[in-house]
Every structure is written in structure tokens, then in C-alpha cells.
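Residue numbers (the numbering used here): 259 to 789.
Here is the structure we will look at, set down as C-alpha cells.
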Amino acid sequence: MQALRDTIHVTPGEWRWVILFSGLLLLLAFMPFLWVAFSGAAADHWQFMGMLNNYRDGATYLAKMLQGVEGMWMIEFRHTTESHAPILIQVIYPALGHLARVIGLSPIAIFHVARVTFSLIMYVALYYLAATIWPHRLRPRRIFFTVVAIGAGFGWLFAPLTGNTTFPDLTIPEMFPFYSSLVNVHFPLAFACIALIVGVLITAFRPGFNEDPNVSNGGLIAGALSFFLALLYPQALLPMGAALVVYVLAIYVQERRIAIREMRWMLVVGLPALPLAVYYAAVVTYNPVAASWNQQNITPAPPPLVLVLGLGLPLLMALPGIWRALRHFEQDGDRFVLLWLIMIVLAIYFPSNVQRRFSVGLMIPIAYFATRALESFWFERISRRWRYRLLVAAVPLMVFSSVLILISNLNVTPGPFLKRDYALAMQWLKGSAGTDGAVLASEEVSIWVPGWTGLRVVYGHPFETVAAQAKDAQVRDWFAGENADDCRALLSKYNVRWVIIGPQETALGSTPCTDELTPVLTLGTVTVYAP
């Protein structure tokens, strides 16, 4: 990347500032786990199961990591009983499982070490993007980094007032870097890949840059990152690819020429992901379990007004920059980032079952235009004396939603926590139960069984369990005794070898069907039965 190194210079002092800022954000993100350690939950016989924020999806990541520990690279959905051919998705998690096996750490520990590490990489990549956009200016770099790293909307205010809990800054972590660092491993990594690809493209489309993509100017890196991003989060590439197509078409409309160089940059980003796109399409077409997962994986977009309020102050700051880019439509970073922003919004509201998935990285163009507007619009209308005072005052308005999310994690209830007897029962199952058959338990328990034991469950996840709604009802009815005359029908249908009965199951009903089962292990309030 010699051409990039010639134009981008970040001083050691800047990197120290970035690492300090990022370290504080990582420490803040880790505070709920310190609370877990010192809250007294262990003394009250609760077991932390490994995940806090979005624990249901987190439990599926643990299940995929455990398959990596077992030596697999292609994964199975173990939150369902149906056997199926393994598939190559979310490969980062079996890869971390392989790493856990090699170095001898638990998958839970590796998950959180990776989450912190990749979050730091994300913050470094975001600052590198800022240095790419503003190669000789310190202030806009720091403004961009601050807005993109901690910026969020007004969900903290309007959710309590309206009772609407779908505000993006409270529910869509893939939009916001800090929020993404709380949730999983692949969101921060996706942010890092997006930032680096966008940095290469902004450099390539800068006036005066006339090189075709090659090894030394970021072309190879952009292609490799595109392929890696397709493995991590393929939906991120569709708005970016669409923006590149429109960018090339705009040159043809304005200048009546075929933009060969820009087309080559477009192909560098698009072609590496194409084989994986074909593979994913084939998987959800010909693998019945993957098809069911795809059909149930419904993540609708928030209403437009909710989206605007969820972007909050950063969007308000960005509006003059967006308007300027629309008026001038200059062939530089503004044009590409504007088109990318438009394509993200169009993809979010295009009819599909994964609308919100296309919102990944949305804060990057918002922060870009917010910084542009601050530098060329807002600061020109605000006296020097008040500029930084207003910026400092704006920070709390952008972070309240993140604070609310952190506080919401401090809750010792079934979900991230179970009674310790359940964890002991799962440890016994992992060592004694083999790999055949399924486990029947309540949803709150079943969600953790695949990641802790490697066993399948009848119902455990609304997306990864085939016919999830029907199985959820069947499991609830079984524990409530609704079909007590034929207790063994469900056990036989789903090849159930083990039934877990504890406080979560007895809360569903009197569990009369256990009268026909054989208890094989009792640990305090939890009993494991065999049919």
C-alpha cells in the first residue's frame, strides 16, 4: 500500500490518543462483566452462562465455537433436532473454537478475548479511515472518530416516552460501533473491514488519483477484505456494491464516457464475494434446515421516523453535509459516501426478511457527513468560544442510549443466568451423554445446551430451530401436561434421550409426563431424566 502510505500519516501521539480513547470504551463495555463478578450472583447459586447482551444469539455462537473445538469448520444448527449437511457460515466462530482447543481455553473465555481484541481493531480501523479522509488535518479526524465511535440517537429519551422499544440505538447493534462491541465478535470485525475498504475507495476516487487497482495501492487488500467480509457479514457488501455501480453510471451520464478505471475498482470489491454469494444462495435453496433458518430469520426495519430518531444528534449534525453532497455531487469521497448512504437506506426498506441486516456500518457515512458539516457549516456559524463547549455538551446526548444498554444488562434473571444446578447438569451431560439424540428442556435452558454440551435440543432458538413456533408450543404443552395421554409421542418424534426438569420447567406446569421417565441424575433442584 505504498500509495496510501505516501498520503496518510498518523503520528505516535495520535495513536496513543486513539488507544487511550478505545481502551476507555473497551473498559466501559466490560463493566457489566465486572458487575457479574462482584454482584454476589455466585453466592446466590446463580451461574453466568457466558453472554449478556443479546444472549440468545450469543448462545448460538458458543454452539458454533464448540463445533470448532470438535474439529469442524462447517457448522450444524444444533438448536434443532433435524440432521443436515454442515454449512459454511459465520466461520469466525468455529475458527475461534479451533483456537480455544489449541491454547486450552474455554470457548466462553476465547469469545470475550476475541470480542475485546476485534473491537480494538475496529476502533483503530475507524481512525485509519479518518486519517485517509483527512490526511493532513487532526481536528476532523478526532471529530469523526468520536462521533462514529460513541454516536447514538434519542432512543434513551423516546423509548420511555412512547413505549416503543424498537429504536435502532437500543436494538440494532450492527449500526453502532460501541454497541456492536457489546454483542459479538463478527460485528466489530465487519465494521473494521468496511472502514478499511471505504478508505481504499475514497483514496481511489480522490481527484488526481488515476491508478488502476494493484498490490501497492490497496487493490489487493480491498479484494481480500471483501472476501473476508462476505464470510463475516455478506449483507454489508450489497449497499456498497450498489453504490459503486451507481457511481460508475453517474460518470457515464455526466461525462458520456465509460469509467474503466472506476469499474475495475468496483470489480475488485464485488468479484471476490461473488462465489460466496452463489454458495449462500445454493445453501438456502437446497439445504432444508438452512432454508428454514433463512425463512425464520426475520429482522424487519424500524419505521422511518424511528430510524431518524435512533440516529439522533449525529444525523442532525450531518444534514448540511448530506445536502451539500446532493447539490454538488462531486466525483470524490462525498459522492461515493452519499451513494453508499442512500443504498443502505434503500436496502433497509427494500422488502426482504433481513432488512435491518443491511444497516451494518450506517454510522460511518453519518459520522462522515457530520464531520463535514461541522467543519464547513456549523463551525462557520458558531463563535470559536462556543464551538468546543457545544461539542462537549453534545457528547452526553450521543451516549445516553449506550449507558441505558449497559444498565439493562445488570439483571440476574433466567437468560444470561441460570441456577447453578443447571450448569452442573450440562457439564454431566457433556461428559456422559455421548452425541446422539436430543435434549428436552424449557427454552431458557435449551438455548444454552448446544454451546455447553454439544447436544441438540428440541426447541432452543426462534431462528435456528426448524418450525420454531410449532416446536415451542409443543415443548410448553409437554411440560404443562397438555398431552399427558401420549407423553412419549414427542420424545419419540424428536429422538429425545434426555429431559431436564428444574425451576424453569416446573414454571411451565406440573410436568406429569416425567412420571413415565427414569431419573438418572439429581443435582439440587434439577433432575435429568431418560425415556
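Beta carbons are placed, not taken as given, at the ideal position from N, Cα and C, and that holds for glycine.
Query, Result
"Could you have a look at residue 395 and say whether DSSP puts it in helix, strand or coil?", "coil"
"The alpha helix (DSSP H) that contains residue 737, what's its start and end?", "726-738"
"Buried or exposed: which applies to residue 570, given that a residue is buried once 16 or more other Cβ atoms fall within 10 Å of its Cβ?", "buried"
"With respect to 7 Å, is the separation between the Cβ of residue 304 and the closest non-hydrogen atom of the ligand SAM below this value?", "Absence of the ligand SAM from the depicted structure is noted, as is the absence of any ligand whatsoever, leaving it without description."
"For the alpha helix (DSSP H) holding residue 565, just list the boundary residues, first then last.", "562-586"
"Indicate whether residue 618 and residue 555 have their beta-carbon atoms separated by less than 8 Å.", "no"
"Is there contact between the region 411-426 and the region 622-637, where contact requires at least three CB pairs shorter than 8 Å?", "no"
"Quick check on the burial criterion: 16 or more other C-beta atoms within 10 angstroms. Buried or exposed for residue 597?", "buried"
"Would you grab the beta carbon distance between residue 453 and residue 383 for me? Rounded to a whole angstrom, and I think it's under 8 Å.", "4 Å"
"Runs of 4 residues minimum, wholly inside the region 422-494: which ones carry the alpha helix (DSSP H) assignment?", "426-429, 435-441, 444-462 and 477-490"
"In whole angstroms, what separates the C-alpha of residue 434 from that of residue 406?", "8 Å"
"Would you give the residue range spanned by the beta strand (DSSP E) that residue 305 belongs to?", "304-306"
"Check whether the Cβ atoms of residue 289 and residue 664 lie closer than 8 Å to each other.", "yes"
"So residue 777 is in the beta strand (DSSP E); what residue range does that whole segment cover?", "776-781"
"Grouping DSSP H, G and I as helix and E and B as strand, with all else coil, what is residue 270?", "helix"
"Assuming residue 474 and residue 455 are in contact, meaning their beta carbons sit under 8 Å apart, how far apart are those beta carbons, in whole angstroms?", "Not a contact, Cβ separation roughly 17 Å."
"Compare the beta carbon distance of residue 353 and residue 316 with 8 Å and say whether it is the shorter of the two.", "no"
"Terminal residues of the continuous beta strand (DSSP E) containing residue 785?", "784-788"
"Report the rounded CA-to-CA distance for residue 263 versus residue 525, giving the unit in angstroms.", "Only weak support is given to the placement of residue 263: the predicted model assigns it a pLDDT of 44, under 50, and the value that follows is read from those uncertain coordinates. So the alpha carbons of these two residues sit roughly 23 Å apart."
"Count the other CB atoms within 10 Å of the CB of residue 260; is the residue buried (16 or more) or exposed (fewer)?", "Legend: pLDDT at residue 260 = 43, less than 50; position of this residue unreliable, value from coordinates given subsequently. With fewer than 16 other Cβ atoms within 10 Å, it is exposed."
"In three-state terms, what does DSSP make of residue 556?", "coil"
"Pull the bridge partners of residue 756 from the DSSP assignment, please.", "697"
"Do you know offhand how far residue 595's Cα is from residue 708's?", "42 Å"
"According to the Cβ coordinates, are residue 767 and residue 572 closer than 8 Å?", "no"
"Could you have a look at residue 714 and say whether DSSP puts it in helix, strand or coil?", "strand"
"Take the Cβ of residue 222 as the centre, count every other Cβ of all protein chains shown within 10 Å, and call the residue buried at 16 or more, exposed below.", "An answer regarding residue 222 cannot be provided, because it is not within the stretch 259 to 789 covered by the chain."
"Taking the beta strand (DSSP E) that residue 648 falls in, what are its first and last residues?", "Per DSSP, residue 648 belongs to no beta strand (DSSP E); it is in the alpha helix (DSSP H), 642-666."
"Assuming the contact rule is C-beta atoms closer than 8 Å, residue 421 and residue 659 should be a hit. Round their C-beta distance to whole Å, please.", "Their Cβ separation, rounded to whole angstroms, is 16 Å, which puts residue 421 and residue 659 out of contact at 8 Å."
"Smallest Cα separation from residue 387: which of 461, 431 and 372?", "461"
"Hey, how far is the Cα of residue 303 from the Cα of residue 536?", "49 Å"
"Alpha carbon to alpha carbon, how far is residue 269 from residue 396?", "10 Å"
"Which word fits residue 751, buried or exposed, when buried means at least 16 other C-beta atoms lie within 10 angstroms of its C-beta?", "exposed"
"So which of 311, 281 and 283 has the shortest CA-CA distance to residue 294?", "311"
"Using beta-carbon positions only, say whether residue 468 and residue 515 come within less than 8 Å of one another.", "no"
"I need the DSSP call for residue 310, collapsed to helix, strand or coil.", "coil"
"Near residue 503, what residues of its chain come up, given a Cβ to Cβ distance below 7 Å and the 5 sequence neighbours on each side ignored?", "524"
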